[in-house]
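**Q** Residue numbers (the working numbering), protein chains in the order written: chain A, 511 to 719; chain B, 511 to 719. For glycine and all other residues, C-beta sits at the position ideal for the given N, C-alpha and C.
2 protein chains.
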Amino acid sequence: MLFYDCATAPSPRRVRIFIAEKGIDVPVQQIDLRNGEHLQPEFRAKNPDCTVPALELDDGTVLAESLAICTYLEALHPEPPLMGRTDVERAQVLMWNARIERTGLSGVGESFRNHSKGFIGRAVTGSESFDQIPQLVPRGRRMAELFMANLDERLASNEFIVGDAFTMADITALVTIDMAAWIKLPIPAACEHLKRWHDSVSARPSART
Amino acid sequence: MLFYDCATAPSPRRVRIFIAEKGIDVPVQQIDLRNGEHLQPEFRAKNPDCTVPALELDDGTVLAESLAICTYLEALHPEPPLMGRTDVERAQVLMWNARIERTGLSGVGESFRNHSKGFIGRAVTGSESFDQIPQLVPRGRRMAELFMANLDERLASNEFIVGDAFTMADITALVTIDMAAWIKLPIPAACEHLKRWHDSVSARPSART
Numbered sequence: 511m512l513f514y515d516c517a518t519a520p521s522p523r524r525v526r527i528f529i530a531e532k533g534i535d536v537p538v539q540q541i542d543l544r545n546g547e548h549l550q551p552e553f554r555a556k557n558p559d560c561t562v563p564a565l566e567l568d569d570g571t572v573l574a575e576s577l578a579i580c581t582y583l584e585a586l587h588p589e590p591p592l593m594g595r596t597d598v599e600r601a602q603v604l605m606w607n608a609r610i611e612r613t614g615l616s617g618v619g620e621s622f623r624n625h626s627k628g629f630i631g632r633a634v635t636g637s638e639s640f641d642q643i644p645q646l647v648p649r650g651r652r653m654a655e656l657f658m659a660n661l662d663e664r665l666a667s668n669e670f671i672v673g674d675a676f677t678m679a680d681i682t683a684l685v686t687i688d689m690a691a692w693i694k695l696p697i698p699a700a701c702e703h704l705k706r707w708h709d710s711v712s713a714r715p716s717a718r719t
Numbered sequence: 511m512l513f514y515d516c517a518t519a520p521s522p523r524r525v526r527i528f529i530a531e532k533g534i535d536v537p538v539q540q541i542d543l544r545n546g547e548h549l550q551p552e553f554r555a556k557n558p559d560c561t562v563p564a565l566e567l568d569d570g571t572v573l574a575e576s577l578a579i580c581t582y583l584e585a586l587h588p589e590p591p592l593m594g595r596t597d598v599e600r601a602q603v604l605m606w607n608a609r610i611e612r613t614g615l616s617g618v619g620e621s622f623r624n625h626s627k628g629f630i631g632r633a634v635t636g637s638e639s640f641d642q643i644p645q646l647v648p649r650g651r652r653m654a655e656l657f658m659a660n661l662d663e664r665l666a667s668n669e670f671i672v673g674d675a676f677t678m679a680d681i682t683a684l685v686t687i688d689m690a691a692w693i694k695l696p697i698p699a700a701c702e703h704l705k706r707w708h709d710s711v712s713a714r715p716s717a718r719t
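(1) When you compare the CB of Leu-577 of chain B with every CB in chain A, is at least one pair closer than 8 Å?
(2) Could you spell out the range, first to last residue, of the beta strand (DSSP E) harbouring Leu-512 of chain B?
(3) Please confirm if Phe-640 of chain A has its CB atom under 8 Å from at least one CB of chain B.
(4) Take every Cβ of the stretch 521-535 of chain B, pair it with every Cβ of the stretch 665-681 of chain B, and state whether three or more of those distances are shorter than 8 Å.
(5) Is the stretch 546-558 of chain B close to the stretch 568-584 of chain A, with three or more CB pairs under 8 Å?
(6) For the alpha helix (DSSP H) holding Val-618 of chain B, just list the boundary residues, first then last.
(7) Using a Cβ-Cβ cut-off of 8 Å, state whether Met-653 of chain A counts as contacting chain C.
(8) Please name the residue, chosen from A:Arg-714, A:Gln-642 and A:Gly-614, that lies closest to Ala-691 of chain A on a Cα-to-Cα basis.
(9) Does the beta carbon of Tyr-582 of chain B sit closer than 8 Å to a beta carbon anywhere in chain A?
(10) Relative to the alpha-carbon of Asn-732 of chain A, which residue among A:Glu-566, A:Ala-585, A:Leu-604 and A:Leu-646 has its alpha-carbon at the smallest distance?
(11) Using beta-carbon positions only, say whether Gly-631 of chain B and Cys-560 of chain B come within less than 8 Å of one another.
(12) Tell me which same chain residues have a C-beta within less than 7 Å of the C-beta of Asp-597 of chain B, skipping the five on either side of it?
(13) Which one of B:Thr-686, B:Leu-695, B:Trp-707 and B:Lys-705 has the shortest CA to CA distance from Ala-608 of chain B?
(14) Check the C-beta distance from Ser-621 of chain A over to Ile-693 of chain A and give it rounded, since I have them as a contact under 8 Å.
(15) What three-state label does DSSP hand Leu-577 of chain B in the structure shown?
(16) Hey, out of B:Ala-564, B:Arg-612, B:Gly-570 and B:Lys-532, whose CA is closest to Pro-588 of chain B's CA?
(17) Is there contact between the stretch 696-714 of chain A and the stretch 661-672 of chain A, where contact requires at least three CB pairs shorter than 8 Å?
(18) Return the CA-CA distance between Pro-537 of chain B and Met-511 of chain B, expressed in angstroms with no decimal places.
(19) Could you name the residues of the stretch 524-550 of chain A whose beta carbon sits closer than 8 Å to any beta carbon of chain B, in the order they occur along the chain?
(20) Return no unless some Cβ of chain B is closer than 8 Å to the Cβ of Arg-649 of chain A.
(21) Let me make sure I understand the geometry here. Which of B:Gln-540, B:Phe-513, B:Thr-518 and B:Gly-650 has the alpha-carbon closest to that of Ile-534 of chain B?
(22) Once you ignore the five residues that flank Arg-664 of chain A on each side, which residues in its own chain have a CB closer than 7 Å to its CB?
(23) Kindly list the residues whose CB is nearer than 6 Å to the CB of Cys-580 of chain A, restricted to its own chain and excluding five residues on each side of it in sequence; keep chain order.
(24) So what does DSSP say about Phe-670 of chain A, is it helix, strand or coil?
(25) I'd like the list of long-range same chain contacts for Glu-599 of chain A, defined as Cβ closer than 7 Å, with 5 residues on each side in sequence excluded.
(26) What residues from the stretch 621-635 of chain B come within 8 Å of chain A, judged by C-beta to C-beta, listed N to C?
(27) Would you mind telling me which residues of chain A sit closer than 7 Å to Arg-609 of chain B, beta carbon to beta carbon, in chain order?
(28) Between the Cα of Ser-626 of chain B and those of B:Pro-644, B:Ser-639 and B:Asp-662, spot the shortest distance and give me the residue it belongs to.
(29) In angstroms, rounded to a whole number, what distance separates the CA positions of Asn-660 of chain B and Ala-601 of chain A?
(30) For chain B, is any of its Cβ atoms less than 8 Å away from the one on Thr-571 of chain A?
(31) Which term fits Leu-565 of chain A, buried or exposed, when burial requires 16 or more other beta carbons within 10 angstroms of its beta carbon?
Rendered as structure tokens:
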């Protein structure tokens, strides 16, 4: 098994945290996104989508997309459970993970990619060229603000996002909120529950990655 | 159990097809998106995100997001398997489902919502007001074209998206391609494998919904 990572990128950080929480050891190969290594033929042959994280299995099968990779690792290493402990919890983890991706992660990502000079001509993930759209900078920021307010409300009555255990949903939210620093969007002072949760999950050893 | 549906909307169609493939009977309540029923207090109390599909369980728990709902139904009704039959297949279904959502479904959706008069001031899913951004119309269309070309390549050597069985990944792709008619984007003539697959999955009784 080989984990294609990029130590400075938020998306593969979701898998890094997941692996650290599981306490397992997975060989890692760094892909240098800054210098376009993900767009070169060698990596493109592994993952035609040119995205990290990716996980190559011993038979050569390559899995991409954080949720797919983490679900596979959960099947191999069920303890501690990070995808929910019952059918309903598993569905709730997927629900929150999808919500966080669609609102927060997508909002922060679009706000950053459509502004940063490093992403001129590469405003959409993947190998194709897309121009930046300046209106997506404030739109993405507003989506991220709404995500934070919604998550604060959820955390008012829940220690973690799904009930009383740390899950993949918390990982996706943590990575999103830390990435929001790239668009200079801190947790608003009014979001006290979100702040309490963020302090708590950031103190876990897995968050250091 | 109660399934909150909207018969004219593509997202809940994913769950409708899933339910039809399982051959199960789930009570349905239609939510009139056109007249804003999803934004009213009654539905908002069920799903604060104001999205359909949603599934209310007998204890009052409400699940939203297609993937979460379908994964829950798969756990209750494992046959026929629609989320993969092995750990690797399950991961591949999630990988393709995520790719199709991120490129095709999102591309078609953005191209449509940022153009249609019916979505003025509601260009982003949910209850908040967002202006339309005209540049997203061609960007979304281009993303959808790339999605079709990539899927055609995949289907050159696979009967279905993940190997030899119909899965959730096929459902998400079918709904995406049928929704592309809303932006007047047919399957390009060059995509012969995609056309063969689309004819085949469209002929399934579940596709009639």
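**A** Checking against the coordinates, here is how it stands:
(1) yes
(2) 512-515
(3) yes
(4) yes
(5) no
(6) 616-623
(7) Within the model displayed, chain C is absent; protein chains A and B are what it includes.
(8) A:Gly-614
(9) yes
(10) No statement about residue 732 of chain A is possible, as the shown extent of chain A runs from 511 to 719 and does not include it.
(11) no
(12) none
(13) B:Thr-686
(14) 5 Å
(15) helix
(16) B:Lys-532
(17) yes
(18) 7 Å
(19) none
(20) yes
(21) B:Phe-513
(22) Ile-671
(23) Phe-528 and Met-678
(24) coil
(25) Val-672 and Gly-673
(26) Val-634 and Thr-635
(27) Asp-559 and Glu-575
(28) B:Pro-644
(29) 29 Å
(30) yes
(31) buried
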